[in-house]
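Okay, structure first, notes after.
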C-alpha cells in the first residue's frame, strides 16, 4: 500500500485512503480538480447556508455574535472553566432545537452524549418548562388568531425528544461516534448532537499522547462528516487546563494544540468581572467578539446588566 | 463495555481470526487504532476494516434512552426523588431536595470550618429510617485523616433526633450502619475502592463519604503545579460508582494558597491581569481548592465553606440545578445549622472565592499572604 509511505500527515493519508486512493498509480493520473471531487462551488455553498437555520441560544447577544445562533452543518466547540455554564448551554440547545418551525425554530430532535454524568433531568425539565412558557407568552402577544395553532407542547414532549447516551470510557466514546451515522439515518429529525464533555475520558492518564491526538482527530473528522452529511449541528463541550505561555501560566482549552485546529468554530466562556461572557475565539465566518450572557432559573438568557453591549476585539 | 472480547462480538469468522492473530483481543484494542492503522496491521482492505469497526462500534456503543424515561426512572421512582435531604432548609431548596444521588458532591473549605461535621450529619441522616426522612441504609465513611468521632456522631444524633436516639438500642443500630475505614495509602485506597463496588449492592450502602480526598494525594507527589492527574482513574471510577449504584457520594477537599503565577485568565484577556491580582488581594482570598482544575470539572456539585469577617458561609459554588447562593451557618451541638434559609445571591469572583477571615484556625485579618 504505497500511499501509506507518502511523506504527508496522518490525517491527509486517512482522507486519501477513505476516498479509495490506496496506491500511487491511482493518484498519478489525477489532476487537482479531480481530487476535489465532492467539493462544491462557493456560490452553491452560500445558497445552502441560507437554507439551514441556526439554533438559538435564548440569549440575544450571544446569538448575534454567533451570526444568529449555532450553525447547523458545522462543529462548534464550547469551552470554559468549571461552573461557567457549559452544561447549561448544552441543555438549552437540546431544548431550543425543538422549538417548532412556526416559532422560528427547527422543530427537530437532539442527541445528548454525556461523558461526565452532569446531565441532571430536573434541570432539563426546568429549562423545557421555561421555553414553553416563553413561547406561550409570545403566542399571546403576537398572534391574534388562535386558530393558527395554539401551542400544544408539554415539557414531557421536549424531554421525549432528547436522546440521551451515557458514555463511560473513551472506547465507548469512539464506538458511539462511529455508530452515530447509523443512528441518525434511522432518526432523521435529529439536528443537534451535543457531547458533554468531549474531554473527560481523554484526560485520564493517556500514556501515549500521540495516540490520543490520533484518536481525537479521528473523532473530529467523523463528527465533521456527520454534521455535513446530515445537516446538523455538532456541539462539543470542552474543559480548561493551564499552559505556560509568554512567561506566565494562562488558561487554555484542554486536549492540546492539534485538537484546537480540529473544530470549525471555537467559543470560550469566561468570567469578566461579575458577568459571564462568551468569546468567539475561532470561526471561518464570524469575527472575534464577546457577548455577555447569564444563567437563570429558566436557562441561558440575556445578561441582566444595563450596559450590555457586544465588544469587538 | 470497552473490555468486550472481539470473539464474542460476532464478527464474520475470517476477520475475527485475523484480529485474534494480531493480538487484538478486546474492543478497546480495536477501537484504539484508527481505521488506517487497522488496515496496515491486519493487511485487509478498507471496506472490510470499516465494516468490522462499524460492527464492533454498534455492539460496544452504550444504549440510549429519552430524557423522559430517564426522568421517570430517577425522579419518580427513586426514594425521595433521588436526593438525600440535609435538613438545612435553604440548602435543600437550592439543591432541589438535597444531596443528589448518582453524582459527586464536593465540600471544600479551610481547616476546621465544618466539613467533617457536615459529613457526620449526612452519615447519620442516611442511616435514619425512611419515616424520619433518612435513606434507611448503610454508610461507608472513608476517614483518611482519622477525624471521625463516634462520640460526636452520637451527640449530633441525640441533639437532632432525640426521639430516635433516646429509644433503647436505636443509637447502636444507627451507628452500627456506619462503616468507618482508614486507608493507609493511596494504593490501599485504590484497591479497596474496587472491592467497595462489589459490596455496594450486597450491603445496601446508601451513602459513601470520602474525607478527605486531598489528604490521599498530598503525600504522594511534590508541591508545585501537578503534571498529570494522580487521581485521574479514581475520579472516573468514583463517578461511575455513584452513577451505577445511584447513591450520593460526598467528598471533602482541602484548600491551598494560590501561587503567584497561578493561571486565572485566557490569553485574550491579558489586559486585566494586574488588576485581577489586586482585586483578589482586596477580596482577601488567596486560597483555592486543592486537587486542581481537572478535579473541579469532575465534581458535579461544589459546596464551599468559608469564613468571611468571622461569619461562616456555606456557598453553592457549582451546581447544574441551582443558582450560586450563600447561606450563613454555625456549628452547634446538633451539627451544622443555617442562620438564614434565604440564600444570598453571588456573582463573579465571589462564587469561587474561598476566604478564611476571622476564622480562628487561620489568622489573616489584613489579607496578606502568610509565608
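Residue numbers (our numbering), protein chains in the order written: chain H, 1 to 313; chain L, 314 to 684. Glycine included, every Cβ here is placed at the ideal spot set by N, Cα and C.
Check                                                                                                                         : Outcome
Sequence-distant residues of its chain with Cβ nearer than 8 Å to residue 294/H (five each side left out)                     : 59, 275, 276, 300, 301, 302, 303, 304
Alpha carbon of residue 328/L to alpha carbon of residue 321/L, nearest angstrom                                              : 13 Å
Cβ shell of residue 491/L (< 7 Å), same chain only, five flanking positions each side left out                                : 436, 440, 452, 454
Neighbour list for residue 163/H in chain L, Cβ cutoff strictly below 9 Å                                                     : 377, 378, 379, 380
Limits of the unbroken beta strand (DSSP E) element including residue 400/L                                                   : Counting along the chain, residue 400/L falls outside any beta strand (DSSP E), and DSSP gives it neither H nor E.
Residue from 270/H, 286/H, 87/H, 296/H with nearest C-alpha to residue 661/L                                                  : 270/H
Buried versus exposed, by CB contacts within 10 Å (16 or more), residue 481/L                                                 : exposed
Identified DSSP bridge partners for residue 162/H                                                                             : 110/H
Cα-Cα separation, residue 475/L to residue 186/H                                                                              : 59 Å
Residue 643/L beta carbon less than 7 Å from that of residue 403/L                                                            : no
Contact the region 102 to 119 of chain H vs the region 153 to 168 of chain H: 3+ CB pairs below 8 Å                           : yes
Straight-line Cα distance separating residue 566/L from residue 525/L                                                         : 6 Å
Reference residue 324/L, options 340/L, 606/L, 398/L, 315/L, closest by Cα                                                    : 340/L
Beta carbon of residue 409/L nearer than 7 Å to that of residue 560/L                                                         : no
Residues of its chain near residue 62/H, where Cβ-Cβ distance is below 7 Å and the 5 sequence neighbours each way are ignored : 278, 291, 293
As assigned by DSSP and simplified to three states, the class of residue 393/L                                                : helix
Interface positions of the region 214 to 246 of chain H facing chain L (Cβ-Cβ less than 9 Å), listed along the chain          : 214, 215, 217, 218, 239, 240, 241, 242, 243, 244, 245, 246
Backbone CA spacing between residue 250/H and residue 613/L [nearest angstrom]                                                : 24 Å
Residues that residue 169/H contacts on chain L, provided the C-beta gap is smaller than 7 Å                                  : 315
For residue 494/L, the residue or residues it bridges with in DSSP                                                            : 455/L
For residue 629/L and residue 540/L, the rounded distance between their alpha carbons                                         : Note on residue 540/L: pLDDT 45, under 50, position unreliable in the model; the coordinate value appears next. Going by the C-alpha atoms only, they are around 29 Å apart.
Inter-residue spacing [alpha-carbon to alpha-carbon] between residue 147/H and residue 414/L                                  : Annotation note: pLDDT 45 at residue 147/H (below 50); position unreliable, coordinate value reported separately. Computed Cα separation, rounded: 45 Å.
Contacts that residue 388/L makes with chain A (C-beta to C-beta distance below 7 Å)                                          : Within the model displayed, chain A is absent; protein chains H and L are what it includes.
Paired residues, beta bridge with residue 418/L - DSSP                                                                        : 563/L, 614/L
Residue 580/L vs residue 473/L beta-carbon contact at 7 Å                                                                     : no
Cross-chain neighbours of residue 268/H in chain L, by beta carbon under 7 Å                                                  : 579
Outcome for residue 495/L when other beta-carbon atoms lying within 10 angstroms are tallied against a minimum of 16          : exposed
Residues that residue 293/H contacts on chain L, provided the C-beta gap is smaller than 9 Å                                  : Here the premise fails: no neighbours, minimum Cβ distance about 13 Å.
Any chain L beta carbon closer than 7 Å to residue 118/H                                                                      : yes
Host alpha helix (DSSP H) of residue 476/L (start-end)                                                                        : 475 to 478
Neighbour-count burial assignment, residue 257/H, 16 or more Cβ in a 10 Å radius                                              : exposed
DSSP beta-bridge partners of residue 648/L                                                                                    : 645/L
Whether residue 87/H touches residue 196/H by CB criterion (7 Å)                                                              : yes
Reduced DSSP category for residue 376/L - H, G, I as helix; E, B as strand; rest coil                                         : coil
Buried or exposed (CB count within 10 angstroms, at least 16 for buried), residue 619/L                                       : buried
Residue 488/L to residue 463/L span [Cα, whole Å]                                                                             : 8 Å
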